[in-house]
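In our numbering, the protein residues as written are 111 to 324.
Notes follow once the structure below has been shown.
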């Protein structure tokens with residue numbers, strides 16, 4: 111294939127591009143103390159962001175990988191804070207075990223209650239998710255208020271997540287919400303600082319679902 115440029119790509123084959131990318135990440139990441147499963151998650155986070163600083167800031171609760179894989183294999187619900195995460199998740203890998211992917215932030219009852227209470231829809235969507243049922247993987251990449259709310263619900267015994275993947279991005283409460291998550295004694299995957307976002311949250315979740323089918 112001729113791209114009519116002086117630069118010639120190393121490959122145009124999709125699987126080779128991903129394999130080459132992962133090889134570059136592994137070589138440039140350097141030595142680490144992560145387990146193979148944890149590094150698989152970090153690799154995909156870096157692959158999605160091209161940001162080694164972000165990747166090296168990822169933190170894992172000691173039971174995070176185990177809890178996430180077990181939950182997926184048991185057919186858990188995945189609760190997302192925004193539609194972007196729902197769109198990016200590999201649903202077939204979740205659904206093959208009987209699981210499902212949900213986002214409630216645009217539900218009419220959530221919007222109505224948020225307006226009445228003067229709260230963010232993200233907060234109310236977490237309350238709805240917790241009220242529907244116990245367990246679940248909470249994947250939060252956009253709204254720090256969603257992360258802070260599921261932390262509050264968990265502390266008060268009103269929610270019992272199997273795993274929280276909390277990587278919201280931003281300048282207002284994003285870093286602080288992740289610091290609070292890192293204090294919990296329930297399984298979590300997070301990263302430190304302002305960086306994050308829906309893309310890297312999806313990457314972490316998809317890495318877990320890939321580990322679940324191995």
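Backbone N, C-alpha and C define an ideal beta-carbon position, used for all residues, glycine too.
Would a C-beta distance cut-off of 8 Å place residue i and residue j closer than the cut-off?
| i | j | result |
| --- | --- | --- |
| residue 308 | residue 251 | yes |
| residue 235 | residue 261 | no |
| residue 232 | residue 264 | no |
| residue 204 | residue 287 | no |
| residue 185 | residue 209 | yes |
Just tell me which of the options has its CA closest to the CA of residue i.
| i | options | result |
| --- | --- | --- |
| residue 155 | 299, 323, 271 and 280 | 299 |
| residue 172 | 199, 132 and 147 | 147 |
| residue 198 | 318, 322 and 311 | 311 |
| residue 303 | 209, 291, 284 and 239 | 284 |
| residue 212 | 243, 184 and 229 | 243 |
| residue 187 | 248, 313, 277 and 275 | 248 |
| residue 279 | 296, 255, 256 and 305 | 305 |
| residue 56 | 296, 167 and 179 | Residue coverage of the chain in this structure runs from 111 to 324, which leaves residue 56 outside it and unanswerable. |
| residue 178 | 129, 222 and 297 | 297 |
| residue 282 | 255, 294 and 222 | 255 |
According to DSSP, simplified to helix, strand and coil, what is residue i?
| i | result |
| --- | --- |
| residue 319 | helix |
| residue 252 | coil |
| residue 299 | strand |
| residue 212 | strand |
| residue 199 | coil |
| residue 187 | strand |
| residue 117 | coil |
| residue 273 | strand |
| residue 130 | helix |
| residue 312 | helix |
| residue 192 | coil |
| residue 169 | strand |
Return the CA-CA distance between residue i and residue j, expressed in angstroms with no decimal places.
| i | j | result |
| --- | --- | --- |
| residue 206 | residue 160 | 30 Å |
| residue 246 | residue 157 | 26 Å |
| residue 132 | residue 292 | 27 Å |
| residue 145 | residue 217 | 39 Å |
| residue 220 | residue 289 | 27 Å |
| residue 315 | residue 118 | 33 Å |
| residue 321 | residue 271 | 19 Å |
| residue 169 | residue 149 | 11 Å |
| residue 258 | residue 277 | 12 Å |
| residue 126 | residue 230 | 43 Å |
| residue 174 | residue 274 | 9 Å |
| residue 153 | residue 201 | 20 Å |
| residue 239 | residue 120 | 45 Å |
| residue 139 | residue 301 | 16 Å |
| residue 180 | residue 114 | 49 Å |
| residue 269 | residue 241 | 8 Å |
| residue 124 | residue 317 | 18 Å |
| residue 324 | residue 183 | 11 Å |
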